[in-house]
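Residue numbers (our numbering), protein chains in the order written: chain A, 3 to 246; chain B, 3 to 246.
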DNA sequence: ATAAACTCCTTACGTCGTATAGAAAAACGA
DNA sequence: TCGTTTTTCTATACGACGTAAGGAGTTTAT
């Protein structure tokens, strides 16, 4: 991110790449990005080391630097690349349903590539596929005849809600592991010891937790799903109400 | 996070600390956490290395491990500690205003300690001050007479929106630096070269950007502020509408 | 007095991104 | 055609990081 952006952007937006002088390149940026995405899908973003990606392609870490100027840029490319999977969400019909559809699809993308959530920064879009995702949403919001201000507010809110909900879902999914379950049990016990007055100090939190437990079955996972759907509904209702 | 949570939780919730045998400790957990927060405020979370914190206190990195079992736990402690600054947000009066007030205060906290945004995971609350922040919100939502389901949905949405907006604001603030301005100029130029058909491919994005530019002055910063306020308004309106 | 428990220091390991420098390979100018 | 230039890729190395291991010194319990 700190280096000259021109090359990264050129690669993102469909290269130029005139005839070069030296030896032919044995790999390609696409191949490297695909390999990196595979590693990230399997083992998370931290596992995407230059050495690991190089190894996967049968070459050294340093050779990758002739394709991408830094690991950060590689991650930018990965980020944009997976956004192609989302495709276009058309704006026809009821805009409320379209917003819900867009949100669900973006959340699915995050769940399929949880490492997307490990990337921080709300930096403006850099690549064409990210841009397409944003454009799709803006088209829907335009069809709802929101003001420009509300389009921005809604966009920001929707991205945030989807990301937050996806993170919750991913964490919930991970918490089902045996080791994590034990960890939580131990944490709960330690908490009960350390704060015996929890229920009096935090009655509302306790009430919500009790209600959650009452629903039984999959306490975290499905609760997160429902909270997501409902959160989107709340926002849509608000947009509807303040639309005039 | 991977180790026994009991000790971390004991420290978080106000210790026990019976009489120990060896030499007296020359520092305290509070001192270490405060020092780490100072470093993070100044230089971000990455600057909080065990060596840096130790150095600040005139001791070695390894000595810190008698106070906190790992860097991750230190960060948990930092996280909870700064949440004490937010204090209680009372639930009296109009719940709509209270929600807005709570959101604004949390956002201010994030802006004052931007490294909070570098911490990922939507893990359930661990410390008492985080818990208090959640409790305050739940009290407000209870006074609004939302269903339990809607309280969860609204909680999740509000945390997400606040966090997302804060991140945007922090990034906008950072983008005013000279070096970054140059970077963006270069990126813009590169983008114009790489995608001359941008405006046709992404008409809605272009329209929003044009509207933004038309407003002039501080294009990013105040726009982010307004989008935040409006996003919260949208959600509150939705809660209001679907309340029955 | 001796033993146990504890703090803190020094040293060291394995990891990372990437700087540097050189070898081999391809295209260019003559 | 033959250097010259440009580029790819490798090997090596540096300085960071979190933290494991081991040991010296200090305090308390027996």
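Glycine included, each C-beta is placed from N, C-alpha and C at the ideal position. Here the structure is a predicted model, which is why all the values come from computation and not from measurement.
Between the segment 197-212 of chain A and the segment 204-219 of chain B, the count of C-beta pairs closer than 8 Å stays below three; the two stretches do not touch. Beyond the five residues adjoining it in sequence on each side, residue 77 (chain A) comes within less than 7 Å, by CB distance, of 121 in the same chain, given in chain order. Distances from the CA of residue 116 (chain A) to each of A:203, A:243, A:189 and A:169 were compared; the closest alpha carbon is that of A:169. Contact between residue 104 (chain A) and residue 145 (chain A) is absent: CB atoms are separated by about 12 Å, not below the 8 Å threshold. Looking from the CA of residue 24 (chain B), the closest CA among B:32, B:68 and B:130 belongs to B:68.
Counted as a single uninterrupted DSSP element, the alpha helix (DSSP H) harbouring residue 205 (chain A) occupies residues 205-217. Distance from the CA atom of residue 156 (chain A) to the CA atom of residue 241 (chain A), rounded to whole angstroms, is 8 Å. Separation of the CB atoms of residue 31 (chain B) and residue 70 (chain B) is rounded to 7 Å, and the pair is thereby assigned contact status at 8 Å. Residues of chain B whose Cβ lies closer than 9 Å to the Cβ of residue 184 (chain A) do not exist; the shortest such Cβ separation is about 10 Å. Look at the segment 86-101 of chain A: it has no residue with a C-beta under 8 Å from a C-beta of chain B. Positions of the alpha helix (DSSP H) runs, each at least 4 residues long and wholly inside the segment 114-147 of chain A, are given as 130-145 in order along the chain. Contact check between the segment 48-61 of chain B and the segment 190-198 of chain B: fewer than three CB pairs, one atom from each, fall below 8 Å, which does not count as touching. Here the alpha carbon of residue 132 (chain A) sits roughly 22 Å from the alpha carbon of residue 183 (chain B). Distance from the CA atom of residue 33 (chain A) to the CA atom of residue 108 (chain B), rounded to whole angstroms, is 43 Å. Contact annotation: residue 232 (chain B) and residue 246 (chain A) have beta-carbon atoms that are not nearer than 8 Å. Residue environment for residue 22 (chain B): exposed (fewer than 16 other C-beta atoms within 10 angstroms of its C-beta).
Following the DSSP letters along the chain, one finds residue 51 (chain A) in no alpha helix (DSSP H), marked with neither H nor E.
The C-alpha of residue 164 (chain B) lies about 8 Å from the C-alpha of residue 230 (chain B). For residue 103 (chain A), no Cβ of chain B is located within less than 8 Å of the residue's own Cβ. Assignment of residue 178 (chain B) by DSSP, reduced to helix, strand and coil, places it in the coil class. Residue 154 (chain A) places its beta carbon less than 8 Å from that of residue 225 (chain B). Taking a beta-carbon distance threshold of 8 Å, residue 213 (chain B) counts as an interface residue toward chain A.
Around the beta-carbon of residue 45 (chain A), fewer than 16 other beta-carbon atoms lie within 10 Å, marking it exposed. Each of B:149, B:28, B:16 and B:42 was checked against the Cα of residue 213 (chain A), and the nearest Cα belongs to B:149. Contact note: residue 133 (chain A) reaches chain B through 204 and 207, using a C-beta cutoff of 7 Å and chain order. A check of alpha carbon separations from residue 38 (chain A) across A:27, A:53 and A:26 identifies A:53 as the nearest. Here DSSP, grouped into helix, strand and coil, assigns residue 152 (chain B) to helix. A residue is called buried when at least 16 other Cβ atoms come within 10 angstroms of its Cβ; residue 82 (chain A) meets this threshold and is buried.
Within 8 Å of the CB of residue 77 (chain B), no CB atom of chain A is found; the nearest one sits about 15 Å away. Below the 7 Å Cβ cutoff, chain B contributes 166, 167, 170, 229 and 233 as neighbours of residue 158 (chain A), in chain order. Distance from the CA of residue 50 (chain B) to the CA of residue 13 (chain B), rounded to the nearest whole angstrom, comes to 20 Å.
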